[in-house]
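The number in this note's numbering is simply the position in the sequence shown, starting from 1, with 343 added.
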Amino acid sequence: CNSLHRSCNILTKPQLPTRVIDVGTEATSPRLFESSGKRANYITLSHCWGNTEHQPVQTTTQTLLQHYKEISWEALGQTFRDAILITRELGLQFLWIDSLCIIQDSGSDWETESAGMAEVYLNSLMTLAATASLNSSGRAIPEVADTFVRKPVRHGHDNICMKRGGIETGAPLLSRAWVYQETVMSPRTVHFHSEELIWECREDVSCECGYFKFPEVHEEIYGMARHVTNTWKSPFAMLQFDNKGLGSAENMLDEWYRIIDAYSGLKLTHDGDRLPALAGLACRFAEALDTSYLAGLWLSDLWKGLLWRRNSDVTCRRLSGPKATIPTWSWASI
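See below:
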């Protein structure tokens, strides 16, 4: 992918995020590492946090110094352990996990780091997506028996693709709002589904069973996220379009509304994160559109942006709490 795909090719090593996990070796423990501008390839993890009973291990002001020395292997959930082992096997030293690399009880650190989260995924070599895991305790690597493999089949002359059962479009991770931006921004993602691995980059989608070799299933499974990603040609300037790309401002705005249509139905643990979880993508559009961003809408197209309505099967509920500062005229307010 990195050698042959023009859209995925990373020519220089990126600057590391503020903090990353030095994954160590079999003989040494993982630890938190402050990058101080160091350049190196790294991997990101996309995962579900789970409910209050299954929260992942976190870096806080109390554990920060200890994590710089060592992150206890016993304290890590299986998803995090798998991600560390995969990073080691790929011959890389650094891994970024949100709960460990952002100080969770520091409002200022969370605000600073979450604002740059899109860049973290954009500049990573690859994202490991624990797609089937409900929380960090689940296995990222599926335990699959290799004695039985389902294969997709075309039936008759109607070009019908018989869908296999293992493609989990409703998988836990894919229902999370933060993950939408992570998927779009990452140059390449490996999805760990319950039955197989699925590879996704800017030029290809592949799976172990061969299902994605049927072109008619691409849009069905990945929807607008795949369409947008395949249109953006450069991994470091995602909105520098050529004449085959999104093109005009009108086309870009249409794409934005399609993104919002898909994104607005996804789940958040904290209601106040509705706009922050899309901020990185919004910044990319703002650079290209050259107009003001207004709580999920664009000033140059405000008349059209205000025509949103809620889906008939969605309960209308206003946000509450200290982060309920989104204006009522924005789709993000409910």
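Even glycine gets a Cβ: it sits at the ideal position worked out from N, Cα and C.
- For residue 546, same chain residues with a beta-carbon under 7 Å away, outside a window of 5 residues either side, are 348, 350, 351 in chain order.
- It is roughly 18 Å from the alpha-carbon of residue 469 to the alpha-carbon of residue 391.
- DSSP, read as helix, strand or coil, puts residue 364 in strand.
- By the Cβ neighbour-count rule, residue 608 is exposed, with fewer than 16 other Cβ atoms within 10 Å of its own.
- Within the DSSP secondary-structure output, residue 544 pairs in a beta bridge with 531.
- By a beta-carbon distance limit of 8 Å, residue 646 does not contact residue 674. Their separation comes to about 15 Å.
- Distance from residue 430 to residue 386 at the Cβ level is roughly 5 Å; contact confirmed, criterion being Cβ atoms closer than 8 Å.
- Annotation for residue 386: the continuous beta strand (DSSP E) segment containing it runs 385 to 389.
- In terms of Cβ geometry, residue 384 and residue 433 do not form a close pair [threshold 7 Å].
- Exposed is the label assigned to residue 416, since fewer than 16 other Cβ atoms lie within 10 Å of its Cβ.
- Residue 472 is not a Cβ neighbour of residue 422, given a cutoff of 7 Å.
- In the DSSP assignment, residue 636 is bridged to 641.
- Beta-bridge partners assigned by DSSP to residue 469: 386.
- Under the three-state reduction of DSSP, residue 549 is assigned to strand.
- Contact between the segment 396 to 408 and the segment 458 to 467 is not established, with fewer than three Cβ pairs separated by less than 8 Å.
- A direct Cα-Cα distance of roughly 43 Å separates residue 381 from residue 672.
- Counting the other Cβ atoms within 10 Å of the Cβ of residue 358 gives fewer than 16, which makes it exposed.
- The C-beta separation of residue 426 from residue 375 comes to about 15 Å, leaving the pair out of contact by the 8 Å criterion.
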